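Chemist:
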Amino acid sequence: MLHIGKNVYVDPAMSQAQVELVSELLEKARKQTGVFYGELVAQPKVIFCATPDCYRAFGAVGLGFSDGNNLVISPQGQRVAIIAHELAHVEFSVRIGGFAKVLDHVPQWFDEGQAVMVSMAAEFSEEAWMDATENGTQIPDLNSLAAMSDWIRLTGRNGENMQLTYGTAKHEVSRWFNRIGYSGFQALLLALQSNEPFAEAYARIEATHDPIVFANNNDPQSSITFATAPQATKPHYFIRAAW
Numbered sequence: 325m326l327h328i329g330k331n332v333y334v335d336p337a338m339s340q341a342q343v344e345l346v347s348e349l350l351e352k353a354r355k356q357t358g359v360f361y362g363e364l365v366a367q368p369k370v371i372f373c374a375t376p377d378c379y380r381a382f383g384a385v386g387l388g389f390s391d392g393n394n395l396v397i398s399p400q401g402q403r404v405a406i407i408a409h410e411l412a413h414v415e416f417s418v419r420i421g422g423f424a425k426v427l428d429h430v431p432q433w434f435d436e437g438q439a440v441m442v443s444m445a446a447e448f449s450e451e452a453w454m455d456a457t458e459n460g461t462q463i464p465d466l467n468s469l470a471a472m473s474d475w476i477r478l479t480g481r482n483g484e485n486m487q488l489t490y491g492t493a494k495h496e497v498s499r500w501f502n503r504i505g506y507s508g509f510q511a512l513l514l515a516l517q518s519n520e521p522f523a524e525a526y527a528r529i530e531a532t533h534d535p536i537v538f539a540n541n542n543d544p545q546s547s548i549t550f551a552t553a554p555q556a557t558k559p560h561y562f563i564r565a566a567w
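Right under this line is the structure:
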């Protein structure tokens, strides 16, 4: 792999035009993730593949995946949405104290839901979700989306039910975020970092925040204390794949 910048590597098969494109996409994805997280703390290695062989060599999971220290993006996953999705997984993990903590204390639907929300992927728009779920009437209970094994089973072997899992998770997290805003999201990160149970923190923060409309908040990050990674915390090994 060719090193083209801080923690950024590309497939040697990439043309100069492709290198410039993925660099631009990564910068946009970082800025997009920062809209929700503020200044990014995690510093993962980011690897872009130009060929299926390259991607298979790294594990070939979904359109892109992360293992806690690295992001690997497939040739088909070179989109802002896919890169931002994986950046959000790593950022969330690092902010609260590592992926072991995510697995033990955070339901799968929230971790995936926040990553899809940050990604702003068009395929998981509210309209697409409503169409796939009969206006939200045919959806799984959130409790059935809490464990990774159940999530994988419900999503389907070929991802045929992604709107029921990824879409439903994004719908719920977006609903919550639109109510509690940036400050509430930062409060949740701090609460989880301090080992407050997820369910308690999630409900408490929603109950104590006035509704905030995302689009009308002109200075959302002013006067907010941002959660930063606990000192000496390193990301635990994990894999998170973007559909």
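In our numbering, the protein residues as written are 325 to 567. All residues carry an ideal CB built from backbone N, CA and C; glycine is no exception. Only a predicted model underlies this, so the values are computations on that prediction, with no experimental measurement involved.
#1: At the level of alpha carbons, what is the spacing between Arg528 and Ser507?
#2: So what's Lys425 in DSSP terms, helix, strand or just coil?
#3: Alpha carbon to alpha carbon, how far is Thr461 from Phe389? Give it in angstroms, no decimals.
#4: In chain order, what residues of the same chain have a beta carbon less than 6 angstroms from the beta carbon of Leu395, not counting five sequence neighbours either side?
#5: Assuming Leu469 contacts Pro521 (C-beta within less than 8 angstroms), just tell me the rounded distance between them.
#6: Compare the beta carbon distance of Arg442 and Ala366 with 7 angstroms and say whether it is the shorter of the two.
#7: What number of angstroms, rounded off, separates the C-alpha of Gln451 from the C-alpha of Thr457?
#8: Taking only runs of the beta strand (DSSP E) that begin and end inside the segment 398–444, which ones reach a length of at least 3 residues, in chain order?
#9: With a threshold of 7 angstroms on Cβ separation, who are the neighbours of Asn485 within its own chain once the five nearest residues in sequence on each side are excluded?
#10: Please confirm whether Ile504 and Glu524 have their CB atoms less than 7 angstroms apart.
#11: I'd like the list of long-range same chain contacts for Ile397, defined as Cβ closer than 8 angstroms, with 5 residues on each side in sequence excluded.
#12: What residue does the beta strand (DSSP E) around Ser390 start on, and which one ends it?
#13: What residue ranges within the segment 508–536 form continuous alpha helix (DSSP H) runs of no fewer than 4 residues, ordered along the chain?
#14: So, helix, strand or coil for Ser473, using DSSP?
#15: Nearest to Val440 by alpha carbon, out of Asp377, Gln356 and Thr375?
#16: Looking only at DSSP bridge pairs, what is Gly329 linked to?
Modeler: Looking at the atomic coordinates:
#1: To locate residue 528, count along the sequence shown from 1; it is residue 204. To locate residue 507, count along the sequence shown from 1; it is residue 183. Near 13 angstroms, if we compare the C-alpha coordinates of Ser507 and Arg528.
#2: Indexing the sequence shown from 1 puts residue 425 at position 101. Lys425 falls in the helix class under three-state DSSP.
#3: Here residue 389 is taken as the residue at index 65 of the sequence shown, counted from 1. Here residue 461 is taken as the residue at index 137 of the sequence shown, counted from 1. Taken atom to atom, the span from the alpha-carbon of Phe389 to that of Thr461 is near 31 angstroms.
#4: Sequence index remark: in the sequence shown, residue 395 carries index 71 (1-based). Only residues of its own chain outside the window of five on either side were considered, and among them Pro368, Val370 and Glu410 have a CB closer than 6 angstroms to the CB of Leu395, listed in chain order.
#5: As a position in the sequence shown, residue 469 is number 145, starting the count at 1. As a position in the sequence shown, residue 521 is number 197, starting the count at 1. That pair is no contact at about 18 angstroms.
#6: Position 118 of the sequence shown, counting from 1, holds the residue named residue 442. Position 42 of the sequence shown, counting from 1, holds the residue named residue 366. Per the sequence presented here, residue 442 reads as Val, with Arg not at that position. Here Val442 is not near Ala366, since their CB atoms are 7 angstroms or more apart.
#7: On the sequence shown, residue 451 is found 127 positions in, with the first residue counted as 1. On the sequence shown, residue 457 is found 133 positions in, with the first residue counted as 1. Correcting the residue identity first, residue 451 is Glu in this sequence and not Gln. Taking the Cα positions, Glu451 is about 10 angstroms away from Thr457.
#8: Entirely contained in the segment 398–444, not one beta strand (DSSP E) run reaches 3 residues.
#9: Taking the first residue of the sequence shown as position 1, residue 485 is located at position 161. Closer than 7 angstroms at Cβ, skipping near neighbours: Leu478 and Thr479.
#10: Numbered from its first residue, the sequence shown carries residue 504 at position 180. Numbered from its first residue, the sequence shown carries residue 524 at position 200. Against a cut-off of 7 angstroms, the Cβ pair of Glu524 and Ile504 comes out as no contact.
#11: The residue given as residue 397 occupies position 73 in the sequence shown. Within the same chain, Ile397 has close Cβ partners Val346, Val370, Ile371, Phe372, Cys373, Leu387, Gly388, Ile406, Ile407 and Glu410.
#12: On the sequence shown, residue 390 is found 66 positions in, with the first residue counted as 1. Taken as a continuous stretch (DSSP letters only), the beta strand (DSSP E) holding Ser390 covers Gly388 to Ser390.
#13: Complete alpha helix (DSSP H) runs here, min 4: 522–532.
#14: Sequence index remark: in the sequence shown, residue 473 carries index 149 (1-based). Helix at Ser473.
#15: Start at 1 with the first residue of the sequence shown, and residue 440 comes out as number 116. Closest by alpha carbon: Gln356.
#16: By 1-based counting over the sequence shown, the position of residue 329 is 5. DSSP output for Gly329 lists Val332 as bridge partner(s).
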